[in-house]
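Working notes, beginning with the structure itself.
Protein chains: 2
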Amino acid sequence: MTDTHAEPVPIPGPRNIEWVGDAETGFLRLLDQTVLPNQVVYLECKDVQSVWDAIKRLSVRGAPAIGVAAAFGCVLGAQHGGFDPAAEHLATSRPTAVNLFWAIDRMKRVTPRTPEALLDEAKAIHTQDAAMCQCIGEHALDLIQDLLPRPQASNTKPLTLLTHCNAGALATGGIGTATSPMYLAQQRGMPVRVFADETRPLLQGARLTAFELGAAGIDVTLICDGMAGQVLREGKVDVVITGADRIAANGDAANKIGTYPLAVMARHHNIPFLVAAPSSTFDMSIADGDAIPIELRAAEEITEGFGSRTAPSGVKTYSPAFDVTPAELITAIITERGVIRPVNTEQVRSVVGATK
Amino acid sequence: MTDTHAEPVPIPGPRNIEWVGDAETGFLRLLDQTVLPNQVVYLECKDVQSVWDAIKRLSVRGAPAIGVAAAFGCVLGAQHGGFDPAAEHLATSRPTAVNLFWAIDRMKRVTPRTPEALLDEAKAIHTQDAAMCQCIGEHALDLIQDLLPRPQASNTKPLTLLTHCNAGALATGGIGTATSPMYLAQQRGMPVRVFADETRPLLQGARLTAFELGAAGIDVTLICDGMAGQVLREGKVDVVITGADRIAANGDAANKIGTYPLAVMARHHNIPFLVAAPSSTFDMSIADGDAIPIELRAAEEITEGFGSRTAPSGVKTYSPAFDVTPAELITAIITERGVIRPVNTEQVRSVVGATK
Chain S
7 MTDTHAEPVP IPGPRNIEWV GDAETGFLRL LDQTVLPNQV VYLECKDVQS
57 VWDAIKRLSV RGAPAIGVAA AFGCVLGAQH GGFDPAAEHL ATSRPTAVNL
107 FWAIDRMKRV TPRTPEALLD EAKAIHTQDA AMCQCIGEHA LDLIQDLLPR
157 PQASNTKPLT LLTHCNAGAL ATGGIGTATS PMYLAQQRGM PVRVFADETR
207 PLLQGARLTA FELGAAGIDV TLICDGMAGQ VLREGKVDVV ITGADRIAAN
257 GDAANKIGTY PLAVMARHHN IPFLVAAPSS TFDMSIADGD AIPIELRAAE
307 EITEGFGSRT APSGVKTYSP AFDVTPAELI TAIITERGVI RPVNTEQVRS
357 VVGATK
Chain D
7 MTDTHAEPVP IPGPRNIEWV GDAETGFLRL LDQTVLPNQV VYLECKDVQS
57 VWDAIKRLSV RGAPAIGVAA AFGCVLGAQH GGFDPAAEHL ATSRPTAVNL
107 FWAIDRMKRV TPRTPEALLD EAKAIHTQDA AMCQCIGEHA LDLIQDLLPR
157 PQASNTKPLT LLTHCNAGAL ATGGIGTATS PMYLAQQRGM PVRVFADETR
207 PLLQGARLTA FELGAAGIDV TLICDGMAGQ VLREGKVDVV ITGADRIAAN
257 GDAANKIGTY PLAVMARHHN IPFLVAAPSS TFDMSIADGD AIPIELRAAE
307 EITEGFGSRT APSGVKTYSP AFDVTPAELI TAIITERGVI RPVNTEQVRS
357 VVGATK
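Protein sequences, first through last, are from chains S and D.
Counted from 1, the first sequence has number 156 at position 150 by the working numbering; the numbering is strictly sequential.
Counted from 1, the second sequence has number 54 at position 48 by the working numbering; the numbering is strictly sequential.
Spelled out as structure tokens, the structure:
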């Protein structure tokens, strides 16, 4: 799955997913992301239902992390003598999560279905996800150093990245996707600094990205989404990097609402705009971004975002959950299989495959 | 001061500033903007101190509105036998508000300093501010109709404007600056629609603009700041229009943080980006935007937006209150003295004067 030979970077902050103990009596420990950043609470999931609940209520979130958690959930099923009903039940927790089904299918192919064998497979899924993140980070950091005027290693000015939402360690089994070059740079002693958009309406940047980078000791500065323009204009940022939720065959990338303005402004300021995402994010059945459906969210996320009402009662809202950044604004897409640059259908096919 | 001959448009929503009664016994009624949009509360200011308090605690805000309120405050001073101490005291309420000093100086030139004469002058200041807004609105609406592919009057598709922060009726003695073409279009029966950015961190768009336009019966849709890109990309918006806090001699305009990204995106989408501001906003002593100082605000406005903490304790923030939009991204600046287009030093001088 990956081409890296290095050991994955240990995540310096709190672990979002961890198996504690042995296969027969162990349990799954999940960081409860619903109470971040005010409380750091771990859920001890000792049966299938508690894993199902954790996925359902977004205690664990991010497509790769959900897949890993479900795989460990299958082990808990086997402990209590019911792998098949466990697998079936877990698949209903987030019906649109592709990685969930992929991980459960992979667990179904394990023989014999003993807790030991299943735990080995779940740990393999976890480790491979971490290796995928690591590999994206290696490619990303190499590319960033190529793109910058001078190699950062010989420079005392910190490499400064701006990101949006949370495509971080909390969303994966490893060091995240957009965050992976940040963790790698830190590990290698490169001075690194991050601006994190708070990411309205749900504030994943404030609640999650600022939390995980801060907990890992990375120099992170939180800004409101509308401040990114001034930050770029002041020359503070070397590279903008985000994740993606779904990428079309031509490289048009859907990501959290607010990503597209960053791409437009990065172009205006002649700063690289990078997308970091596993190859599983590509949907080769979609020719371009116009065909990516945009989910509309409830008004309350805008009007009562902070627990109290901040807009007139009954005001009309428009709340797209995602926006689409066209390929021509993306300097490169970084996958675990390699870097897509320039971003177009031919390059996408050559890196992630035509039939994926 | 203005060149319009029409009667000012009455503000269809709640009045922010109103004198109630006669000069001898009347009082100033102010809409308390600190409790909007959840409560519509009027403050009855019957002495100088209550006007001072209202200005100080931002119950009345917006440079023109502060000037008008202070002028009426001087009448209350005269009612109670102390014009001079009243004028002196009111001048300390918002030490950086240029319109405050301008209005008080104008009141000082009234003779005799009877409540009647002073009330006449205060009402003149109010009416002239309303006329200024009206005049900006006329120029803006004419310009917008010139800029659009087809005249909106012969078009069933509503004229759709996107705005940021509150450069509205609530900030002035009339129909606002950026909002003035919206109110005028509505008055003339033109179909009009507005997208209002919520404007983090202080949410003036959600709390004030969405409130005042909605109260006036204008079709307003509230979005988060990061959603404007997708809204523009979907072709929903004809014109972006904002106010300005300070404009340099070359037309570079400082306005609420988050304005500059709109200008960059409007250019990217080939949509006009307009700034509506009275000529008093120009600071001809400043050659360009680089010399405009940018106030930095406290972390809590980002991390504890509305009563609850939404970011990790102790996280570093960067919170510029304003950004600067360079003249070359501004299609036109609309003042009560006329339209500056193209935006450059020569045109600024020819419209607002070289020595202003």
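Even for Gly, the Cβ is constructed at its ideal location relative to N, Cα and C.
None of the values given here were measured: they were computed from a predicted structure.
Exercise for the section: Check the Cβ-Cβ distances between ILE308(S) and every residue of chain D, and say whether any is below 8 Å. Expected result: Mapped onto the first sequence, residue 308(S) falls at position 302. So, interface residue.
Exercise for the section: Could you tell me which residues DSSP pairs with VAL198(D) in its beta bridges? Expected result: Start at 1 with the first residue of the second sequence, and residue 198(D) comes out as number 192. Note: VAL198(D) sits in a beta bridge opposite LEU165(D).
Practice task
Could you confirm whether any beta carbon from chain S is found closer than 8 Å to the beta carbon of ASP296(D)?
Solution key: To locate residue 296(D), count along the second sequence from 1; it is residue 290. By this cut-off, ASP296(D) is not an interface position.
Exercise for the section: Whole angstroms is fine: what's the gap from PHE279(D)'s alpha carbon to THR248(D)'s? Expected result: On the second sequence, residue 279(D) is found 273 positions in, with the first residue counted as 1. On the second sequence, residue 248(D) is found 242 positions in, with the first residue counted as 1. Spanning the two alpha carbons is a distance of roughly 8 Å.
Exercise for the section: Report the neighbours of PRO207(D) on chain S: residues whose CB is nearer than 8 Å to its CB, in chain order. Expected result: Residue 207(D) sits at position 201 when you count from the first residue of the second sequence. Residues of chain S passing the Cβ test: CYS230.
Practice task
Let me know the secondary structure DSSP gives THR10(D) once reduced to three states.
Solution key: As a working note, residue 10(D) is residue 4 in the second sequence. No answer about THR10(D) holds up, because its pLDDT of 42 lies below 50 and its placement is not dependable.
Problem - Beta-carbon gap between ALA259(D) and ALA272(D) smaller than 8 Å - result: Locating residue 259(D) in the second sequence gives position 253, counting from the first residue. Locating residue 272(D) in the second sequence gives position 266, counting from the first residue. Not a contact, by the Cβ cut-off of 8 Å.
Exercise for the section: Quick one: give me the first and last residue of the alpha helix (DSSP H) that THR133(D) is part of. Expected result: Along the second sequence, one-based indexing puts residue 133(D) at 127. That run of the alpha helix (DSSP H) goes 121 to 153.
Handout entry: Cutoff 7 Å; reference ILE263(D); Cβ partners in own chain excluding five residues on either side
Key = As a working mapping, residue 263(D) is identified with position 257 in the second sequence. PRO326, ALA327, PHE328 and ASP329, listed in sequence order.
Handout entry: ALA221(D) - containing alpha helix (DSSP H), residue span
Key = As a working mapping, residue 221(D) is identified with position 215 in the second sequence. 216 to 221 is the extent of the alpha helix (DSSP H) around ALA221(D).
Exercise for the section: Spell out the partners DSSP gives VAL226(D) in its beta bridges. Expected result: Here residue 226(D) corresponds to residue number 220 of the second sequence, with the count starting at 1. BP columns for VAL226(D) point to VAL200(D).
Handout entry: Short CB-CB distance (under 8 Å) between ARG343(D) and chain S
Key = On the second sequence, position 337 is the one that residue 343(D) refers to. By this cut-off, ARG343(D) is not an interface position.
Problem - Where ALA29(D) falls: helix, strand or coil (DSSP) - result: Along the second sequence, one-based indexing puts residue 29(D) at 23. If DSSP states are grouped into helix, strand and coil, ALA29(D) belongs with coil.
Handout entry: Residue range of the beta strand (DSSP E) that includes LYS262(D)
Key = Position 256 of the second sequence, counting from 1, holds the residue named residue 262(D). That run of the beta strand (DSSP E) goes 259 to 262.
Exercise for the section: Could you pull out every residue in the same chain whose Cβ sits closer than 7 Å to the Cβ of ALA69(D), ignoring the five residues on either side in sequence? Expected result: As a first step, residue 69(D) must be located in the second sequence, where it is residue number 63. Around ALA69(D): ALA103, VAL104 and ASN105.
Exercise for the section: Helix, strand or coil for PHE89(S), going by three-state DSSP, please let me know. Expected result: Reading the first sequence from its first residue, position 83 is the one you call residue 89(S). Looking at PHE89(S) - three-state DSSP - the assignment turns out to be helix.
Practice task
Return the first residue and the last residue of the beta strand (DSSP E) that THR341(D) is part of.
Solution key: Residue numbering aside, residue 341(D) sits at position 335 when the second sequence is read from its first letter. That run of the beta strand (DSSP E) goes 338 to 341.
Practice task
Give a yes or no on contact between the segment 132 to 139 of chain D and the segment 206 to 223 of chain D, applying the rule of three or more CB pairs nearer than 8 Å.
Solution key: no
Exercise for the section: Check each candidate in THR162(D), LYS322(D), PRO101(D) and LEU214(D) and name the one with the smallest Cα separation from MET196(D). Expected result: Position 190 of the second sequence, counting from 1, holds the residue named residue 196(D). Comparing Cα-Cα distances from MET196(D) to each of THR162(D), LYS322(D), PRO101(D) and LEU214(D), the minimum goes to THR162(D).
Practice task
Could you have a look at TYR48(S) and say whether DSSP puts it in helix, strand or coil?
Solution key: Working through the first sequence from its first residue, we reach residue 48(S) at position 42. Three-state result, TYR48(S): strand.
Practice task
Report back the beta-carbon spacing between LEU190(S) and GLY143(S) to the nearest angstrom; my notes put them in contact at under 8 Å.
Solution key: Counting from 1 along the first sequence, the entry for residue 190(S) is found at position 184. Counting from 1 along the first sequence, the entry for residue 143(S) is found at position 137. The Cβ separation is near 4 Å, so the contact holds.
Handout entry: Beta-carbon neighbours of ILE277(D), restricted to chain S and to distances below 9 Å
Key = Translated into the one-based positions of the second sequence, residue 277(D) becomes position 271. Per Cβ cutoff of 9 Å: no residues; ILE277(D) is ~12 Å from chain S at best.
Exercise for the section: Starting from PHE217(S), find everything on chain D with Cβ-Cβ shorter than 9 Å and list it in chain order. Expected result: The residue labelled residue 217(S) in the question sits at position 211 within the first sequence. Within 9 Å Cβ-Cβ: ALA317, PRO318 and VAL321.
Exercise for the section: Check whether the segment 84 to 93 of chain D touches the segment 35 to 45 of chain D, counting contact only when three or more Cβ pairs, one atom from each stretch, lie closer than 8 Å. Expected result: no
Exercise for the section: Output the distance between the C-alpha atoms of GLU240(D) and ILE300(S), rounded to the nearest integer angstrom. Expected result: Indexing the second sequence from 1 puts residue 240(D) at position 234. Indexing the first sequence from 1 puts residue 300(S) at position 294. The alpha-carbon atoms of GLU240(D) and ILE300(S) are separated by roughly 11 Å.
Handout entry: CB contact check: ALA234(D) to chain S, cutoff 8 Å
Key = Counted from its first residue, the second sequence places residue 234(D) at position 228. It does; some Cβ of chain S falls within 8 Å.
Exercise for the section: Output, in chain order, the set of chain D residues within a Cβ distance shorter than 8 Å of GLU301(S). Expected result: On the first sequence, residue 301(S) is found 295 positions in, with the first residue counted as 1. What GLU301(S) touches in chain D: nothing, since even the nearest Cβ is about 12 Å away.
Exercise for the section: State the start and end residues of the unbroken beta strand (DSSP E) segment that holds PHE328(S). Expected result: Numbered from its first residue, the first sequence carries residue 328(S) at position 322. From DSSP, the beta strand (DSSP E) with PHE328(S) extends over 328 to 331.
Practice task
Quick one: list the residues of chain S neighbouring MET271(D), beta-carbon separation under 7 Å, in chain order.
Solution key: One-based indexing of the second sequence puts residue 271(D) at position 265. The answer, in chain order, is PRO267 and VAL270.
Handout entry: Stretch pair the segment 307 to 321 of chain D + the segment 109 to 124 of chain D: three plus CB contacts closer than 8 Å
Key = no
Exercise for the section: Could you run through the segment 41 to 54 of chain S and flag, in chain order, every residue whose CB is less than 9 Å away from some CB of chain D? Expected result: LEU42, PRO43 and ASN44
Exercise for the section: Put GLY363(D) into one of helix, strand or coil per three-state DSSP. Expected result: Absent from the model: residue 363(D). The displayed extent of chain D is 7 to 362, so no value can be given.
Practice task
Could you check the C-alpha separation between GLY232(D) and LEU302(S) for me, to the nearest Å?
Solution key: To locate residue 232(D), count along the second sequence from 1; it is residue 226. To locate residue 302(S), count along the first sequence from 1; it is residue 296. Spanning the two alpha carbons is a distance of roughly 14 Å.
Problem - Between the CA atoms of HIS170(S) and GLY19(D) - distance to the nearest angstrom - result: Position 13 of the second sequence holds residue 19(D). Position 164 of the first sequence holds residue 170(S). Taking the straight line from one Cα to the other gives about 38 Å.
Exercise for the section: For GLU30(S), count neighbouring Cβ atoms within 10 angstroms of its own Cβ and tell me buried if that reaches 16, exposed if not. Expected result: By 1-based counting over the first sequence, the position of residue 30(S) is 24. By the neighbour-count rule (16 or more Cβ atoms within 10 Å), GLU30(S) is not buried but exposed.
Handout entry: Cβ-Cβ separation, ASP244(S) to LEU165(S) (assumed contact under 8 Å), whole Å
Key = In the first sequence, counting from the first residue as 1, residue 165(S) sits at position 159. In the first sequence, counting from the first residue as 1, residue 244(S) sits at position 238. With a Cβ gap of about 6 Å, LEU165(S) and ASP244(S) count as contacting.
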